[in-house]
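Numbering (mature numbering (1 follows the signal peptide of the UniProt record, and there is no 0)), first residue to last: -19 to -1, 1 to 239.
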C-alpha cells in the first residue's frame, strides 16, 4: 500500500509546479497593508493558462524502509485529463489516469488495479477530493476555495499567510504565498486527532513561457508513526504539445477493494 500512496503523492506533487504568471505585479517584500481580498485575487489569477503539458521528472522517495529514485512522466490536458507513469530503469511501475468522473490506476509489481470514483484517491490523500481539487493541488493553487469572508491574512517570514478565520474541527489548513508572484511557497494540511500531516514546500521558481515553475518540490507526509519524504526535481517541461494518454489495465490484475 505504501507504493500506491507514494505514486499518488508523486502525482499530486508534480503538477503543483505549474504556476502561471497572470497575477498582479508583486514585489520582493510582503506588505502587511495589502488586503486579503487582493491577495486571494492575485493567487487565483496566478493559475496557469495552457492547454496541454508534458513533463519529465526525477523523484526521490524515502520512508522508514527504503530510499528510491524513480523517473516519472506527466501529461495533462487542463480540466480534462491527468496521466502519470512511474518507471524504474525503463520499466513501468505504475500508471494513473484521472478524469472529472473517475480514477483509474494499476501497479505492475503487485499486479493490482483500481477503476472507480475518487474514494481511493481521497483515502490516500487523507481528505475528500474530486478532479477539480486534485487539479488545483497539481497546479499549485489552493485545494480549498479562498474567500475573504472565510480567510484572514497576515505576513509571516516575508510571505502572505492565509488561513481560515475559524479552522474546521480536526482539519487545519495553512497557505504561504510568495509576494513576488503570489505562487505557493508552502501549504500544510493537518488532521491532529488522526495524526496526519501533509506539508508541501517549493524551491525557487523558474520562468517558462511567461509562467513560473519551481525547480524542486519537497513533500513531507506523516500519519502517526509512519513518515514519507518525497523530493521532486523537474528535468524538462513542455507546454501546449501534442500528447496522448495510453492506458489499458492488463489482463489478470486483481482489483483493489476499498
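Glycine included, every Cβ here is placed at the ideal spot set by N, Cα and C.
Would you kindly work out how many angstroms separate the C-alpha atoms of residue i and residue j, rounded to a whole number?
i           : j           : result
residue 139 : residue 161 : 10 Å
residue 193 : residue 165 : 11 Å
residue 22  : residue 124 : 15 Å
residue 220 : residue 64  : 15 Å
residue 70  : residue 148 : 45 Å
residue 241 : residue 232 : Limits of the chain in this structure are -19 at one end and 239 at the other, which puts residue 241 out of reach.
residue 36  : residue 80  : 18 Å
residue 55  : residue 145 : 32 Å
residue 61  : residue 203 : 30 Å
residue 103 : residue 111 : 8 Å
residue 183 : residue 216 : 15 Å
residue 186 : residue 213 : 13 Å
Could you work out which residue in the options is closest to residue i when comparing CA atoms only?
i           : options            : result
residue 17  : 56, 29, 83, 142    : 142
residue 178 : 132, 153, 196      : 153
residue 38  : 227, 228, 236, 218 : 218
residue 89  : 98, 97, 73, 100    : 73
residue 40  : 200, 226, 238, 237 : 200
residue 97  : 82, 91, 110, 109   : 82
residue 151 : 91, 181, 172       : 172
residue 27  : 159, 223, 182      : 159
residue 226 : 10, 78, 32         : 78
residue 188 : 196, 181, 157      : 196
residue 10  : 126, 137, 49, 235  : 137
residue 59  : 118, 19, 198       : 118
Mapping the DSSP letters down to three states, classify residue i as helix, strand or coil.
i           : result
residue 139 : coil
residue 115 : helix
residue 22  : helix
residue 156 : strand
residue 96  : strand
residue 131 : coil
residue 173 : helix
residue 181 : strand
residue 120 : coil
residue 101 : helix
residue 222 : coil
residue 235 : strand
Assign residue i to one of two classes, buried (16 or more other C-beta atoms within 10 Å of its C-beta) or exposed (fewer than that).
i           : result
residue 130 : exposed
residue 93  : buried
residue 133 : exposed
residue 100 : exposed
residue 238 : exposed
residue 12  : exposed
residue 53  : buried
Requested in this report: Would you check if there are 3 or more beta carbon pairs closer than 8 Å linking the segment 44 to 54 to the segment 193 to 213?
Outcome: yes
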